[in-house]
Amino acid sequence: SAVISQKPSRDICQRGTSLTIQCQVDSQVTMMFWYRQQPGQSLTLIATANQGSEATYESGFVIDKFPISRPNLTFSTLTVSNMSPEDSSIYLCSVADGYGTDTQYFGPGTRLTVL
Amino acid sequence: GQQVMQIPQYQHVQEGEDFTTYCNSSTTLSNIQWYKQRPGGHPVFLIQLVKSGEVKKQKRLTFQFGEAKKNSSLHITATQTTDVGTYFCAGESNTGKLIFGQGTTLQVKP
Chain A
222 SAVISQKPSR
232 DICQRGTSLT
242 IQCQVDSQVT
252 MMFWYRQQPG
262 QSLTLIATAN
272 QGSEATYESG
282 FVIDKFPISR
292 PNLTFSTLTV
302 SNMSPEDSSI
312 YLCSVADGYG
322 TDTQYFGPGT
332 RLTVL
Chain B
-18 GQQVMQIPQY
-8 QHVQEGEDFT
2 TYCNSSTTLS
12 NIQWYKQRPG
22 GHPVFLIQLV
32 KSGEVKKQKR
42 LTFQFGEAKK
52 NSSLHITATQ
62 TTDVGTYFCA
72 GESNTGKLIF
82 GQGTTLQVKP
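One line per chain: the protein sequences are A and B, in this order.
Here the numbering used here = 1-based position in the first sequence + 221.
Take the second sequence: its letter number 107 is residue 88 in the numbering used here, and every next letter is one higher.
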């Protein structure tokens, strides 16, 4: 399985600021996804990061708030923009070799606290 | 909207007791996956079930996929403290992505 790293592992930010989270994979993968997991909750898919084109966002998530880049098959970034305390959460990237319902491998996550 | 429901939300057992978590979908699933998330960790893939009525075993873990491919279960025999964590099922949404259930958090008392 792929080895996935995320930076930063955690951060505390002030409201109104933005944070960019990086996801690096040790091999080329077809699919990369970004999830949000609020404390004690399940995983909610934010978007699919598409290589060389705009990300595909799920209902309730918009590009202005969560811009995503994927310049190649091993790297993606998620920016949480104009943060509020409601954005406090764990943000996870995951990868899959095939389509969206193939086995997914998750990064260690970024724990974000917004004050 | 399409949902994947999981019960129970929490389960506390004595070490050595069995544990089962159930997953139900509002629609027929092409496959179902199970993940485990240890406290403070990230979800780790356990298994994927594809066929109607499929049963798979991993040591003390038994996974079942219902005949109608709308429900699934994970059964752990003789729990150990290393089984502690949250178990998520995940099924395919109508947009071709995974929908995760709410998870069942297992606590094991030694």
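We put the beta carbon where it would ideally sit given N, CA and C, even for glycine.
All values derive from a computational prediction rather than experimental measurement.
Below 8 Å on the Cβ atoms is my contact criterion, and I expect A:R236 with A:S305 to pass it. Report the Cβ-Cβ distance as a whole number of Å. Yes, A:R236 and A:S305 are in contact; Cβ-Cβ is about 5 Å, under 8 Å.
Between the CA atoms of A:C244 and A:T300 - distance to the nearest angstrom: Those two C-alpha atoms are separated by around 11 Å.
Tell me, please, whether the CB atom of A:S263 is closer than 8 Å to any CB atom in chain B? Yes, its Cβ sits closer than 8 Å to a Cβ of chain B.
What number of angstroms, rounded off, separates the C-alpha of A:Q272 from the C-alpha of A:N293? Between the C-alpha atoms of A:Q272 and A:N293 there is a straight-line separation of about 6 Å.
Please identify, using Cβ separations under 7 Å, the residues of the region 72 to 87 of chain B that lie next to chain A, in order along the chain. Listed in sequence order: E73, G77, K78, L79, F81, G82, Q83, G84.
Segments of 4+ residues assigned as alpha helix (DSSP H) that fall wholly inside the region 22 to 72 of chain B: Within the region 22 to 72 of chain B, no complete alpha helix (DSSP H) run reaches 4 residues.
For A:P306, name the three-state secondary structure that DSSP assigns. A:P306: helix per DSSP, three-state reduction.
In this structure, does DSSP put B:F81 in helix, strand or coil? When secondary structure is reduced to three states using DSSP, B:F81 falls in the strand class.
Just to confirm, are A:S310 and A:L336 a CB contact at a threshold of 8 Å? Not in contact: A:S310 and A:L336 (Cβ atoms no closer than 8 Å).
For B:T9, three-class secondary structure by DSSP: Correct three-state label for B:T9: coil.
Any beta-carbon of chain B closer than 8 Å to the one on A:P229? No, A:P229 lies away from the interface with chain B (no Cβ there is under 8 Å from its Cβ).
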